[in-house]
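For the protein sequence lines, the chains are A and B, in the order given. First residue of the first sequence: 23, per the working numbering; consecutive thereafter. First residue of the second sequence: 23, per the working numbering; consecutive thereafter. All C-beta atoms, glycine included, are put in the ideal place defined by N, C-alpha and C. Quantities reported herein were computed from a predicted structural model and do not represent experimental measurements. Worksheet: one structure, shown below.
Protein chains: 2
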Amino acid sequence: MTANKTAAILIIGNEILSGRTQDINVKFIATRLAAIGHKLEEVRVVPDIPERIIRAVNELRAAYDNLFTTGGIGPTHDDITSECIAAAFGVPWEKHQPTWDAMEKHLGAENFNEARQRMATLPRGAVPIPTAMTIAPGFSIGNVHVMAGVPRIMQSMFTGLEPSLGQGTPIAMRAVHGIGVKEGSIAAGLSAIQNRYPMLDLGSYPFYRETGGGVAIVAKGTDETALDAAITEAESLIASQDITAIKGEPPV
Amino acid sequence: MTANKTAAILIIGNEILSGRTQDINVKFIATRLAAIGHKLEEVRVVPDIPERIIRAVNELRAAYDNLFTTGGIGPTHDDITSECIAAAFGVPWEKHQPTWDAMEKHLGAENFNEARQRMATLPRGAVPIPTAMTIAPGFSIGNVHVMAGVPRIMQSMFTGLEPSLGQGTPIAMRAVHGIGVKEGSIAAGLSAIQNRYPMLDLGSYPFYRETGGGVAIVAKGTDETALDAAITEAESLIASQDITAIKGEPPV
């Protein structure tokens, strides 16, 4: 088994930066990447400005094994991702004949207007991402995977893409929590557990509920035996505070 | 009135990158910044790794007028934001006496352990952010504002910070939507409206609901007269499709 590949997400979207839209794509992609053993290491959100998109694409595709973009692939004037990807790769942005033909047939020639023709225009070398949900494709070029911003279309595209990404060692998570635990009281003990399991990422996350708050301890990693052992130690740490340790994440 | 200031957000959080946690801080900060006339231009999410945090802090504080960070200021081993900010600024990370004294008094000397003392250790020159919600402060240093990751604490800190940020021209939004509108059919008309109002950002956002889908047209900018005029034109554009234009965003 080779080492897990790294990944980044680039969200192209004024609507996220303006506060209009709550992004939920990161959580979906992050969860799926963990399940197939890819390590998400960075997320960026940039506005719909060509030079900003191009620079971010080039920085992120150079820094990580895979880059996933969301947003900006529709037919309107603010959908400029595809041209920007072509510019980032330094390749022509040109008619993608199979997509062009499929869209023209699907929509009828009379509806296949200039705006929709732009969606059949891709960077040279782009390979459409298979999805049943829309005739206008996302696409992959090199290590960059260009997806829609609308969550249910993005999810369908990611599912189409997944088999080609390759399987690493799944990154699993275990959690335990305790009501009334104070982070400051368990910090030293938790740090000691982290030191005994350097192959894991141990996180401590306070939570607040109407019924009371506490702390969740979350362990993450590819070594299931170590995960079980570390979480057992975290349970003992919570118990040492005279608090009942409850397996799993706190209820929402 | 001077030009609106620019801003970026840096989320320091393995829990976002692992898919464990749904970020909602960006939407809150973005909305509040728009209201006070600051322009959010970039968001990054990086893992709890010192060199990654330090590099991102230095890139973003150089590129924008203000940088807001969330996450990593608690007492546990994975809370390393404060040290990293000191390193990014090249200043000592040292006891902040007023915070130290206040925490020791509040907690009692017997509970003011090493982990909690770390929270009273700040980069030299840091100014605590006033908040009633926690005795352990976020802080500002230069143009960087360091806040908690837990949403309700972050929100309290941002509210404490807001008066010191300065008021620009509020960035307002207007929306109109139509059920059954197709983006590809209105793209040319929308592009023409955008060209007539270059001072605005016009966005087109498809939506899907169980009861049917459509498109929302959103205009954003500081010129309220132009916003009203552009949205009136967008209403006519929707009406030209024999579809009723409905003011505002589509229902959730």
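Phe111 (chain B) carries a helical assignment under DSSP once its states are collapsed to helix, strand and coil.
Nearest CB-CB separation between Leu224 (chain B) and chain A: below the 8 Å threshold. Taking the beta carbon of Gln216 (chain A) as reference, the chain B residues within 7 Å of it are His99, listed in sequence order.
Contact between Phe180 (chain B) and Arg66 (chain B) fails: their C-beta atoms lie close to 18 Å from each other, not under 8 Å. A:Ile193 is the residue among A:Pro97, A:Asn47 and A:Ile193 whose C-alpha sits nearest the C-alpha of Ala25 (chain A). Interface with chain B (8 Å Cβ-Cβ cutoff): Thr53 (chain A) is included.
Per DSSP, reduced to three states, the secondary structure at Leu144 (chain A) is strand.
Taking 8 Å as the cut-off, the beta carbon of Ala29 (chain A) is found closer than this to the beta carbon of Leu62 (chain A). For Ser40 (chain A), the nearest beta carbon of chain B is closer than 8 Å to its own beta carbon. Across the structure, Ala154 (chain A) and Ser178 (chain A) are spaced so that their CA atoms are roughly 8 Å apart. Rounded to the nearest whole angstrom, the C-alpha separation of Trp115 (chain B) and Thr143 (chain B) is 6 Å.
Scanning chain A for C-beta atoms nearer than 7 Å to the C-beta of Ala137 (chain B) yields Gly206, Ala209 and Ala210, reported in chain order. Note on geometry: alpha-carbon atoms of Leu259 (chain B) and Thr43 (chain A) lie some 23 Å from one another. Taking a beta-carbon distance threshold of 8 Å, Lys27 (chain B) does not count as an interface residue toward chain A.
The beta-carbon of Tyr227 (chain B) is placed less than 8 Å from the nearest beta-carbon of chain A.
Of the other Cβ atoms in all chains shown, fewer than 16 fall within 10 Å of the Cβ of Gly202 (chain B); this residue is therefore exposed. Linking His60 (chain A) to Leu187 (chain A) through their CA atoms gives a straight-line distance of about 9 Å.
Boundaries of the beta strand (DSSP E) around Phe161 (chain A): Phe161 to Ile163.
Within the same chain, Thr92, Gly93, Ile95, Gly96, Thr156, Gly160, Met176 and Met179 come within 8 Å of Ala170 (chain B) by CB-CB distance, once the 5 residues on both sides are set aside. By the C-beta density criterion, Thr121 (chain B) is buried, having at least 16 other C-beta atoms within 10 angstroms. In the three-state reduction of the DSSP assignment, Arg42 (chain A) falls in the coil class. The segment 208 to 234 of chain A is shown to contain whole beta strand (DSSP E) runs of 3 or more residues at 223 to 229, in chain order.
Less than 8 Å divides the Cβ of Ala248 (chain B) from the Cβ of Leu222 (chain B). In the three-state scheme derived from DSSP, where H, G and I count as helix and E and B as strand, Asn88 (chain A) is classed as strand. For the segment 226 to 254 of chain B, the beta-carbon criterion of a distance under 7 Å to any beta-carbon of chain A is satisfied by Ser226, Tyr227, Pro228, Tyr230, Val240 and Lys242.
When A:Thr233, A:Gln139 and A:Ala210 are compared, the shortest CA-CA separation from Ser226 (chain A) is found for A:Ala210. If the five residues before and after Pro228 (chain B) are omitted, its C-beta is found closer than 7 Å to the C-beta atoms of Glu205, Gly235 and Val237, all from its own chain and listed in chain order. In the assembly as shown, Lys269 (chain A) is an exposed residue. Its beta-carbon has fewer than 16 other beta-carbons within 10 Å. Take Leu39 (chain A), set aside five residues on each side of it, and the residues of its chain with a beta-carbon closer than 7 Å to its own are Val67 and Pro69, in chain order.
Put simply, the backbone Cα of Asn133 (chain A) is about 34 Å away from that of Pro185 (chain A).
In terms of CA proximity to Leu183 (chain B), B:Asn165 leads the group B:His199, B:Asn165, B:Val198 and B:Gly200. At a Cβ-Cβ threshold of 8 Å, Ile151 (chain B) and Cys106 (chain B) do not count as neighbours. Straight through space, the alpha carbons of Thr103 (chain A) and Thr98 (chain B) are spaced by roughly 40 Å. By the beta-carbon neighbour count (other beta carbons within 10 angstroms, threshold 16), Asn217 (chain A) is exposed. When CB distances to chain A are screened at a threshold of 7 Å, the residues of the segment 58 to 72 of chain B falling below it are Leu62, Glu63, Glu64, Val65, Arg66, Val67, Val68 and Pro69, in chain order. In the three-state DSSP reduction, Ala30 (chain A) falls in the strand class (E or B).
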